[in-house]
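Step one of this worksheet: look at the structure below.
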Amino acid sequence: MLKAPQPQNATDTINTLSSRLTSATLLEDKRAAILGLRSFAKGFPASVASGSLRDLITCLRDHGAGLGKDGEGDVDTVRSVLETLLMLFNPDPDSPEASEDIALWLADEFSQRQDNITILLDLLEVPDYYARMYSIQLLTAISSARPERTQQCILSAPLGTARLVGVLDDGREAIRDAVLLLLVDLTSVSQTDLQKLIAFEDVFLRIFKLMESEGGIAEGAIVIQDSLSLLANLIRHSSSNQSLFRETGCLPRLHEAVRQAGKWDEEENDFSRSNREKNVWGLLAVIRLFLEQGELGTKTNQEAFWKTGITQSILDLSFNLSATIPIRSSALRTCADLITSNPPLQESFASLLVFTGPEGQSLTNGAAKARSAGRAYVIEALLVLLLGPLATDQVDLRLSASILVKAYCLGHQRIRHHFLQRAIAGFVDGEDESTNVLSTLMASPHGTAQTDPLRVVLAADILSQLLVDDEEAKAMIQAVSEGNADKGEDVVTAVQILAGHLTFSLQNDADPRVSIAYLTLLITAFFESQHMINDCLAEGSSLLGALIDTAGKCKDSQVQADETKSLLPGLCAFLLGVIYEFSTKDSPIPRRTLQPLIFNKLGRQRYFEALKQLRQHPFIRDSEITAQEGAMSSPGQVLFHAIFVELFKEEYGRLRRCIDKDPGIEVVSRGQNGVDRDILDDLRSQIASKEEAIQQLEQGSLMLKQTSDQAAADHRKELQSLQVSQRASDAEVERLKRINDSLQRDHEIEVAKLRDDMSHEMERLQHQTRSTTESVKAQHEREMERLKGQHGASLASERSLWEDKIRKASEQGLQEAKKKLDEISADKQKSEGDLVVARQELKNANAELSQIKDSLESQTGKATQATEELKKVRDLLSNLQQVNSKAMARVKSLEEENKRAESRCTDISNERDKIVSSMDELQPRIKDLTDEIDGLKLELETERKGYAELEADLEKAKKAPAPAPEKGKTDDKRIKALETEVEQLKQEAKDQTEEAKKARSELDDMLMVMADIEAKRDEYRERLKRAGEHVSEDEDDDDDGEESEDAEDEGELD
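Numbering (full-length UniProt numbering), first residue to last: 1 to 1054.
Spelled out as structure tokens, the structure:
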């Protein structure tokens, strides 16, 4: 019987499929193996991944690359591979192999090679729906596991970001939404380069188009929220992307989105209203990202939003009664960010109008103002929102309005003073407290303060910011009072009224928030303000008792059980410490009384314990964390503004130390150093005695002033006389200038005349030289013809004569040339030296004249200071006269030197003419010698020909047959005679050759001497040209011609 096949388990099947995928060559076999692995991927992800993950990725690269380039890959295979990989990332949660580590391992395998991410990006260009969708989902899964490495791979891939952003234009919503979520995930991790690259792919306009296609802010759903998330990720902490957002024209689209957010439909269903709220909330959050304090482009963004009208639209949204409270609160906070720390916008903000209600009359800080129908100024509307009777569920809205009012006043002292003056004017006029912060605080605490304590808290918060570190504002509050002394009423100052309200709240166990509001206000106002503390202590005995009693309850269990009440002991101790630290010996309750009072009734340890409890309270301890988390209306943020919390934390150590300070040491500055009051009184007495001495000195100073006035009048007269002499000196300087200008003009005219004369003389000499040269040349040719005729007859007789003539002529010419050359060189050097000296002297004379001018100008400047040094001015005047006389003498000497320079120039020109004439005289002699050498050369060639003929005859005679003896003897004698004659002729030819060589060497030496002379002549001409002298072009041409003739002669000699 046949046995049944052994059943396979899942592991064996997976191994079989993995090996088949590895070894398969046919596409159908690979696809079947992939489909089999896909069926096991959900239940056995670890086994499938360990056996075939790399093969699956390889298959994806092979077939996906073909699809991405030329469409030759197999779409079905790629789709199956992508589905299998996605199942591995998302296995069945009930699977025994399911684990979070599998996703990390898969992400590492993909992201460790750039090609794996690149192929997934290539598949985004494939039009197939599933290929795109699965590729995006797979990239999302990899990014979720390894975000930083995935971002780096996308950055490194060619056109990686462009492909991702391009998918946003896909008409299929599922693909578009998936890539939108992928971009959100990629940009949520801080990666500046990736944010910039995505932004440069025109992503902002694509986001707005996507939002418009989804119905905009008013009708859109989750896609709008994802789009806003992507927009927020791109602009967060990126000034370059924010600048790109402004420059690409996105602000009008953003403004349109804000306008859509302001349109609310009362009849829409809860689902639509919820989506609208989320969309508007996200839009306002995006706008606030442009306005983060401390960033580079915040101020530019504020101004751009203001010009576009976004500020007005957001402000209208904040007062839209149809909008929800959270949206209106967020809009108010956004408006606060739009104007914070920007003075021009803060000044313009108060002129904006918002919708409030029907036509009527309104109050701004108590001041009546007409209002148009349905519209009111924004500050007025904000105060109504803050202080008016509103429902208790609007705490966020009122707190946001308070933040906007504080942003309006922050950092702008003129606005703060104006706001405070309007509040004081409204309180003095007795206007309604519902729109006046000061009237709200000055009203009795047992009235509306008990029913609506938040009004007092917010009013105290605003007034505290107006008073902090502003002595002028504190003086304005201190000047406010109630009661008419003329009518016999008690006059009570505003500080005393506020202190009385605090005493009432503490003694009658009122709402703790009211007591906290008054405590924070008085602490901020009293800090480093001795005048306000003295004003308070004038009627402050009851206040001190209430503060000490409340601070002593720091260990009361009932007080500690209440989160808000537990703040009161620490705040009372804080205020006690501030009063003692900044009080003085002259205070209504002096420091020497305050310290025993605190020690005896409260105790040192309870004081420290109360401060410690306040420091450790969550509202103070966690204030920075709460602000970073963005809690809108946490109790700590409502009760304590950031300025107060910062003040307490900074001065906590000082407050602990101040209670132990000697009462005699008072604080007189912002520092922590003090001064002994007894020493201060001694110093004041010394100041009084000094003031008496000062009065006596002032009387003596008056007498000295009269004397100095008289001296000044005398000095003024002397100064006038000095100015007259100075004007005379100026006139003399002008005369010297005119003389110098005339001398320079005459010198230039004379130089021009000399140049013209020299050019004419040079032309005449050149013409004469050419004619002389031509006549000499013709005579030389006639002489050569004659010599040639006589050469045959008298060669032997004339040879020695010509040799003597050549030698003597060469020696004589060489000596004369050397002598003349030495004379020319000496004369030339002397002339050049004289010319340089003359020019230097002329230059020095001009420099000295300019120095004289500068000296005169400096003396003129010094003369203006004669009001302070009269004696020095007189000495200066005498020196100026001496310098003037020296200048006159120097000018005369310069005139004489100028004349001598002109005469030297004339002599130099004459010497130059002599040199040129001597050079012209030497030139024909050199040519004659050259011609004679040429003749000798011809004669030597003729003799060489005769010598050659004799040698030929001799060779013939030697080759002839031997004659008879007698005849042979005769022939031998004849041969010997001929040989002797030949030897003599050879010797003579050799001697003539040597003599010719000597003559030629002598001629070469003369030519070298002439070349040196011509080089020096050219150099001399260049110097004359640089000196401004004129050298005609004909002379240069003649020189060039002579040089060419010399070159031809040398060639003939060779």
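We treat Cβ as the ideally placed atom computed from N, Cα and C, and that holds for glycine.
A straight-line Cα-Cα distance of about 25 Å links L522 and D396. One Cα belongs to A711, the other to L697, and the distance between them is close to 21 Å.
With fewer than 16 other Cβ atoms from the protein chains shown falling within 10 Å of its own Cβ, V491 counts as exposed. Nearest Cα to R621 within the set F648, N600, K601, I598: F648.
Secondary structure note for L353: its beta strand (DSSP E) is the uninterrupted segment 353–355.
Within its own chain, no residue has a Cβ closer than 7 Å to the Cβ of R273 once the five positions on either side in sequence are excluded. Cβ neighbours of Q507 within its own chain (closer than 6 Å, five residues either side excluded): A546. For L205, the closest of L230, A517, L420, A221 by C-alpha to C-alpha distance is L230. For a cut-off of 8 Å, the C-beta gap from V75 to A131 is around 6 Å, short enough to register as a contact.
Shown here for V480: same chain residues with a beta carbon closer than 6 Å to its own, the five before and five after excluded, namely I424, A494 in chain order. Annotation for E214: no alpha helix (DSSP H) segment contains it, and DSSP assigns it neither H nor E. Contact between L567 and I516 holds, with the beta-carbon distance rounding to 6 Å and staying under 8 Å. For the region 126–162, the continuous alpha helix (DSSP H) assignments of 4+ residues that do not extend past its boundaries occur at 129–145, 147–156, in sequence order. In this structure, DSSP gives V468 a state outside helix and strand, which the three-state scheme calls coil.
By the criterion of at least three beta-carbon pairs nearer than 8 Å, the region 210–230 is in contact with the region 281–290.
The beta carbon of L35 is closer than 7 Å to those of S80 in its chain, skipping five residues each way along the sequence. The beta carbon of P343 lies closer than 7 Å to those of H412 in the same chain, with the five residues before and after it left out. Boundaries of the alpha helix (DSSP H) harbouring V378: 378–387, taken from the DSSP string. For K278 and A261, the gap between their C-alpha atoms comes out near 11 Å. Between the alpha carbons of S329 and R172 lies a gap of roughly 38 Å.
Apart from sequence neighbours up to five positions away, the residues of its chain that approach F527 with a beta-carbon distance below 6 Å are V578, ordered along the chain. The Cβ atoms of V354 and A381 sit closer than 9 Å to each other.
The Cβ atoms of I142 and I117 sit closer than 9 Å to each other. Here the region 605–622 does not lie against the region 686–694, with fewer than 3 beta-carbon pairs under 8 Å apart. DSSP places I665 in the uninterrupted beta strand (DSSP E) bounded by 665–667. Boundaries of the alpha helix (DSSP H) harbouring H418: 413–428, taken from the DSSP string. By the neighbour-count criterion, in which a residue is buried when 16 or more other Cβ atoms sit within 10 angstroms of its Cβ, E774 is exposed. One thing to note: A551 has its Cβ within 9 Å of the Cβ of R606.
Counting C-beta pairs closer than 8 Å gives fewer than three between the region 88–99 and the region 119–131, which falls short of the contact rule.
Going by DSSP, S95 is part of no alpha helix (DSSP H) at all; its letter is neither H nor E. The DSSP-derived three-state label of T584 is coil.
Secondary-structure assignment with DSSP links T493 through a beta bridge to S481. The beta carbon of A323 lies closer than 7 Å to those of W264, L317 in the same chain, with the five residues before and after it left out. DSSP places R54 within a helical segment (H, G or I) once states are collapsed to three. Excluding the 5 residues flanking it on each side, H501 has same chain C-beta neighbours closer than 7 Å at P445, Y518, in chain order.
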